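What follows is a set of notes on a single structure, which appears directly below.
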Amino acid sequence: MKRFSYHRADSVADAVQALCATPDARIVAGGTNLVDLMKYGVETPSALVDVTRIASLNGIDDTDEGGLRIGALVPNRTVAEDERVAARFPLLASAILAGATPQLRNAATTGGNLNQRTRCYYFYDTKTPCNKREPGSGCPAIGGVNRLHAILGASEHCIATHPSDMCVALAALGAEIRVEGPNGPRRIRFADYHRLPGDAPERDNTLQPGEIIEAVLLPPEAEAFAGHHSYLKLRDRLSYAFALVSVAAALDIREGRIVAARLALGGVAHKPWRREEAEAALVGSPADEAAFAAAATQLLEGAQGHEHNTFKIELARRAILRALGQAAAGTPQSQTDKRIA
Amino acid sequence: MPAHAIVGTQTVPIEITLNGKRRSLEVSPVTTLLDLLRNHLDLTGTKKGCDHGQCGACTVLIDGQRINSCLQLAVMQDGKSITTIEGLAQDGRLHPLQAAFIEHDAFQCGYCTPGQICSAVALIEEGHTTSREEIREFMSGNLCRCGAYTNIVDAIEDVVGRRRQPVQEAAE
Amino acid sequence: MLKNDLHVGSPRSRIDGPAKVTGQATYAAEFTAADLAHGYIVESAIARGRIVSIDTAAAEALPGVIRVFTHENRPKTAWFTYKYRDMVAPPGAPFRPLYSDEIQYSGQPIALVVAESFEAAREAAALVAVTYDRQPHETDLARARHDSYEPPKKRNGIAPPPAPRGDAQQAFGAAPVRIAGEYAIASEHHNPMEPHATTVVWEGGGKLTVHDKTQGVQNSQAYVTNVFGLSGDDVRVVSPYVGGGFGSGLRPQHQLFLAVMASLALERSVRVELTRQQMFGHVHRPETVNLVSLGAGEDGKLHAIQHQAIAATSRFEDHQEVVVNWSGLLYPAEHVDLRYELAKLDTYSPGDMRAPGAPLGLFALESAMDELAVATGVDPVELRLRNYAERDENEDKPFTSKELRACYRAGAERFGWSRRDPRPGSMREGRELIGWGMASGVWDAGMMKTSARATLTADGRLAIACATSDIGTGTYTILAQIAADALGLPMEAVDVALGDSTLPEAPVQGGSWTAASAGSAVAAACSSLRDALLTRAAAEGSPLAGAKADDVIFEGGHIRSLADPARSLALGEIVAASGPDGIAATESAGPGLIGMMLPKSHSSYTHSAVFAEVRIDEELGVLRVTRIVNAVAAGRILNPKTARSQILGGVVWGIGMALHEEALTDHRLGRIMNHSLAEYHVPVNADIDDIEVIFVEESDEKTSPIGVKGLGEIGIVGTAAAIANAVHHATGKRIRSLPITIDKILQG
C-alpha cells in the first residue's frame, strides 16, 4: 500500500474541495473495496478523503416526491433491514442480502457499493496487463481465464463485469443518484451512471472529477413492484461468491396482466444489464412462460461468450425465466433457504 | 484534530475504546485496524487470514457491529468502541459462546475461531438465528478450513437455547 | 494395553480449547521480539526465464527500509542442493530461494524487503522493479501429459505401483461388461486459514529461536541448520499452535529460509508472513488425470482393473503420491495393471495435501465402480460387497483388521440406502432432482518412530513432552487422555508440551500416523514412569513395600494396593522423596521397537463407506449437498469428540474437492489467476448441511500398541466420488472432472 495523505472531511463541500485539490485523491468510507485494492497496489491514491463524519450523507428519509432517499454513507445492512425499504422496495433488500457477508455489509456503504470495481482476476493482479488498471496494456481476460466475465456489452478492450448485487436491484427499480461537485449538484439516472467499457474501460462510471455521491433516490413508482419481485443469484458456492448470473425481476401485475416490468442482470456486463425492449415485451402480456421467454430473448440479444463463460448465456436465460416466475407468483427467492423455488 | 487538515503521511492521534478501556494512540494512515491490533498493541487474538475481507478471521466488533478489521484503517476508528476476542471473557469467565465452542468442538486449528466467535456474538445480537439455514447463511463470512461448520452451528444453537447436547458418537 | 481407562475412548473437550477461544493461543506470526523487523516478499511475474535486472534503489530509499535481499546480494548459504533437502523431500533438486537469476515458476520469491514496519516493507516491495528474459513455459497438463514419464527415482515412503498381475488388457477385452473413462481432478491449494509465516527471534550470539508455521519443528530445524551451516544447538524451532496444515507445513516453505537469512544477515529478529495471494505460489495438490478401465462379468465381479494416472510435478522435483495402488487393493481381480506417471510443469513443486493421492485415485475408481453398477444393474453397495478384498493382493498379505463390510452396512442403514430407487432421475422434490451416491474410502494406517517424555513432579502434576505438532487434530488432548489414564490422574493434572524441536524426537505430523505414533510413545513413557514410581513405592518400609505391578492400581493420584486399598502412597509424595527434579521417563515407539508393532507380514489400512445426498435444480444446475453419512473403520477411537471432528473436516474437504476447489491458470502467462479466497472457492458454512459420522467397531492389535489406526485423512477419501455418483443418480450425467460446477451440470 502506497503511503497517502489522510483528510477527514466535515462537509460535502469540504470533500469536494479536497478532491479538486488532489486529482488522484479517493473518497474512503466503508473501505471494503478501496483498502482491498490499495493493498494489492491496484489503487495508489496520494490522498484519501474520509467522508464518514459528514452527517448529511447519512440517513434513510422519505422524499418530497414520495420515494426514499438513501444517504451515501448508509451501510448496506442498514438499507437491507430498513422497514421502509423492506415494505416498499423489497427487491433492493433482497439483492443486498445476496451479496458479500454480514461483516462486509456492515462496513460497505451505499455510495461505495455503486463505485466498487470489477472482480476481474487480471484487474486485481498488478503483475499482469489490464486495460482497466493500466490503459493500453491489453486485456488478457480475452483468451485467458474468463469464467466471471461479460457476455453482454463488452468490448475488445475489456470484458470485465460489475460485481454488485445491490446495483442490479437499483437498476431495475430505476433509481437516481444525487451527486455534488464543483459545478453544483446533479441527478444521474441509474442507467446512465455505470458505463460500458468501450475504448475507455478505465472509467467505470460517469462521475466527473471532484464529484461525490450524496444519496441514492428510489422513485415512488417503483413501489408498484413490491408485490411481485425476485432477486435470483447463481454462483459457484451457495453463499459469499460473486454472481455468475443474477437476475432482478420486478412485475406490476393487475388483473392477470403485466402492466409494468423491470428486468436487470448482474454478473454479465460492465454494468447492471437492462434493456427497455425486454421489459416492453412483457407489458400487456399475461405473466406466463411465453412472455418470459420473449423477454429473456430480448434481454440477451447479442450475448457473446468466451472460453470459460459461454454457459452463462443459457444459464442467464433460464435464470430470467425462473426469477420472473418467482416474481409473478409473489414468491421471491429467499437468500437464506438455498432451494430455488 | 482539525477537520480540514490534510495530515499527510505522519501519524495521527486517535482515541478509541478498546475492550472497555480508553486508549490514546498515534497511528499511521496506512495502518489497518488489524495490523494496529496485532503488530502495535500485541492483541494477536484477532487473526490475519487473507487481509482482504475474504475470510472473516479478523472479525471484531466495532460499536457492536461485526466488521472485517483488515479493511478498516485505524485512523478512521477515532471515537469508536472496539471489542476483540480478548475482550469477550468477563472476570475470567468465558463468554457463553466461547464455552459452547469448546463444548461442541467448534474448531480444530483455532485460527478462524476468534473471528467466528466475534461474528457469532453479533449474529445473535442481530437475531439471525431462527433456523440452522439462517445461521449458516449469516455465518458464511467466516471461513473454517478445518471444516468445523456443523459444530459451529451447533454451538450457536446451544447458546440461543435451542440446541441438543453435543453429539456423542457411540461406536457401532 | 490401557487398563481401567477413564478418559481414553470417551469424548473429551480439547485441552487447548480455552487458549484458542480466548485468543491466547499464539501462532507463528504472533511471537514478537524487541526490535522486530518485518519482511515482505516480492515474487516473480513470469513462469520461466531469467531476471535481467532487479532495481531495489527506490525500495531502499523508502524511510524505514533496512535492506532488500535479492539473488545479487544474498548472504552465502549452502552450495550443494542436497543441503536443501528436508526430511520429506521428493527426489530432485529442492527450490533454493534467491539462489540465482533463474525463474522457475510464477510467484517465485525474487526479493525480500526488510523494514522497520510491516507497512513500510509492503510499500517498498511494490517499488522493486524487475525486468525479465522470458523463456517458453508449460503449465498446462493437457499438453504436458504427452511427455509423461515413470519417475526414475521413487519417493521415500511412497509405494510405487505393484507389478502387473495377469494380462489386464486381454482380460478387459474379453470381459462381458466393460467400463472405461478418463477422470480428472483440478489442482487445489491447501489454504490453511493461517498463512505461512516465520518469526525468527535473534537471541544474540548466533542463537535463533524460530517460530515457524510447520507440521514438523525438527524438520524445519534440520533444514535451517543444513542450509545455513548452523549448529543444532543454536537453532530452536518452537511452534505450539499451527493454524491448519493439511500437508502445507510438512516441508519447510520459503518464508522460513527468507526469515532466517535476513535475521542472520541483519543480526536482529525478523518476521516474514506470506500474503494470501503468495500462498498460491507454493505447495499444492497436483492436477491429476486418471484413465480407468474395468472389465467385469454380468454379475459385476471384476476380472480386470487397469488404472493409469498422470500427475503434474514441477520441473525440479518429482513429487509422488499413491494414486493408483488403491485400485489393486480395494477390489480383487485376477488381472490388474496399475501405472503412475508424472508430467513436468513450470510451477512450484506440488506436495502432500490431505490424503495425498487417495481421493484422486478413488474419485476415478469409485466413479468407474458406480458406472459398473449402472451397467450391470447391481446395487452399488452390493457390487462392492461382491468384490470385497479379503487380503491385500498388491502386497499379498493379510490385513491387520478390515471392517469395511461393517462400514457399508452401518452407513447404508443410517442413510436409508435401501429406499433408493436406482433409476437416475427417479427421485425428485419440486424442481429439484435428488441423487444418492456412495463410495468407499481407504487410507494407510501405521506408525512412525516417535519419542516422548513423561515427568511427574512433586506437586503431583504430570508433564508430557514430544516434538510432534497439533495442527488442529487434537493431539494435545489425546496425549493428555492417554497419560492421565496411565497414571490414574485427572486430565487437569496433565500438561502437554508439543511443537518444540528440543523435545523428544517426532516425525512430521502427517500421514494420519500421529495418534498411533505419539500416542504409543506417550503410553510407553508413562508405562516406564509407572515402573519407576512403583520401584520407589515398593521400597523397604513403605506401605506398599514389596508390591509388584499386578498388586497395585494407579488411581486418583495414588498408587494403591489392590488387596488392601487402605495401603496407598500419593504420587507426589513418592516424587518428593526422590529429589527436587521429579521423576522422568523417556521412551520411543515405532515399527520394530515394541513387540506389538505392525509386522511386515500384514498390511494396515483404515476404511470408510461414504453416502451422499445431493439436490440439484433441474433447470438451473444449482447443486446442494444435503446429507453425508461417513462410516469409518479406524481401529480404536481415543476421543470420539475430536475424532468425529476429524471426519467432519475430511468430509468438508471432500465437498470442496467435489464442487468448488480449482486453481484457474492462465497458461499463456503461466500464472494462477484466482489467487484469493474470494475467487478460489472453499466451502462456506452455507455449503455444509447435515454430516453424520459413524465409527464402526474395529479391533486392531497389530497396527499400533494402543489399537489406533489414524483419522486425519480417511474422511476426505471417498467423499468426492460419493458426491459425483450422487450427481449421476440425480441427473443421469456422469461428470468425470472435478470440481463439478454449474456449467458442467448444465452441459453434462
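Residue numbers (our numbering), protein chains in the order written: chain A, 11 to 351; chain B, 178 to 349; chain C, 84 to 831.
Note that the Cβ used here is the ideal one computed from N, Cα and C, for glycine as well.
None of the values given here were measured: they were computed from a predicted structure.
When CB distances to chain A are screened at a threshold of 7 Å, the residues of the region 253-268 of chain B falling below it are M253, in chain order. Non-local C-beta neighbours of A:G146 in its own chain, meaning closer than 8 Å and more than five positions away in sequence, are absent. Chain-order list of chain B residues neighbouring C:T281: empty, with the shortest C-beta distance near 14 Å, by a criterion of under 7 Å. At least one CB atom of chain B sits nearer than 8 Å to the CB of C:A769. In summary, C:R506 is exposed, with fewer than 16 beta-carbon neighbours lying within 10 Å of its beta-carbon over all protein chains present. By the neighbour-count criterion, in which 16 or more other beta carbons inside 10 Å mark a residue as buried, A:V269 falls on the exposed side. The beta carbon of A:P229 sits closer than 6 Å to the beta carbons of G77, G184 from its chain, once the five residues preceding and following it are set aside; these are given in chain order.
Neighbours of A:Y241 in chain C, taken as residues whose beta carbon is under 9 Å from its own, are absent, since the nearest beta carbon is some 14 Å off. Only residues of its own chain outside the window of five on either side were considered, and among them Q403, E404, V405 have a CB closer than 7 Å to the CB of C:I241, listed in chain order. Cβ proximity to chain C below 8 Å picks out A234 from the region 233-250 of chain B.
DSSP places C:F694 inside the beta strand (DSSP E), whose first and last residues are 688-700. Separation of C:S661 and C:R619 (C-alpha to C-alpha, rounded to the nearest whole angstrom) is 8 Å. Straight-line spacing of the CA atoms in A:D92 and A:R98 works out to 10 Å.
Think of a sphere of 7 Å around the beta carbon of B:H229: the chain A residues whose beta carbon falls inside it are D46, K49, in chain order. The region 277-297 of chain B makes contact with the region 312-322 of chain B, as at least three CB pairs between them are under 8 Å. Taking a Cβ-Cβ cut-off of 7 Å, the neighbours of C:H764 in chain A comprise D246, R247, A251, given in sequence order. The Cβ-Cβ distance between B:G264 and B:N245 does not fall below 8 Å. Only those residues of the region 701-720 of chain C whose C-beta falls short of 7 Å from the nearest C-beta of chain A are listed: E702, L703, V705, R707.
Contact check for C:Q304 against C:S671 fails: the beta carbons are separated by 8 Å or more.
According to the DSSP secondary-structure assignment, A:S240 is paired through a beta bridge with A:A259.
The beta carbons of C:R710 and C:D770 sit no closer together than 8 Å. For B:D335, no Cβ of chain C is located within less than 8 Å of the residue's own Cβ. Using beta-carbon distances, C:T556 counts as an interface residue toward chain B, with a partner under 8 Å. Below the 7 Å Cβ cutoff, chain C contributes G106 as neighbours of B:P291, in chain order.
C:Q253 and A:A301 have their alpha carbons spaced roughly 59 Å apart.
Taken through DSSP and simplified to helix, strand or coil, C:A246 comes out as coil.
By the 16-neighbour rule on beta-carbons within 10 angstroms, A:F200 is buried. When C-beta distances to chain A are compared with 7 Å, the residues of the region 191-206 of chain B below that value are P206, in chain order. Check the Cα spacing between A:A291 and each of A:R267, A:G277, A:G276: the tightest is with A:R267. If you check each beta-carbon in the region 731-760 of chain C against every beta-carbon of chain A, the ones closer than 8 Å belong to L742, H743, L747, T748, D749, R751, L752, R754, M756, N757, H758, S759. Taking a contact to require three or more Cβ pairs closer than 8 Å, the region 238-252 of chain B and the region 202-218 of chain B qualify as touching. In the DSSP assignment, C:F152 falls within the beta strand (DSSP E) that extends over 148-153.
Only A117 from the region 117-146 of chain A bring a Cβ to less than 8 Å from some Cβ of chain B. Contact annotation for B:G304 against chain C: no contact, minimum CB-CB distance about 17 Å [criterion: below 8 Å].
Its Cα nearest to that of B:A299, the residue B:D240 stands out among B:D240, B:S308, B:D255. Of the candidates B:G256, B:T327, B:R309, the residue whose Cα lies closest to the Cα of B:R200 is B:G256.
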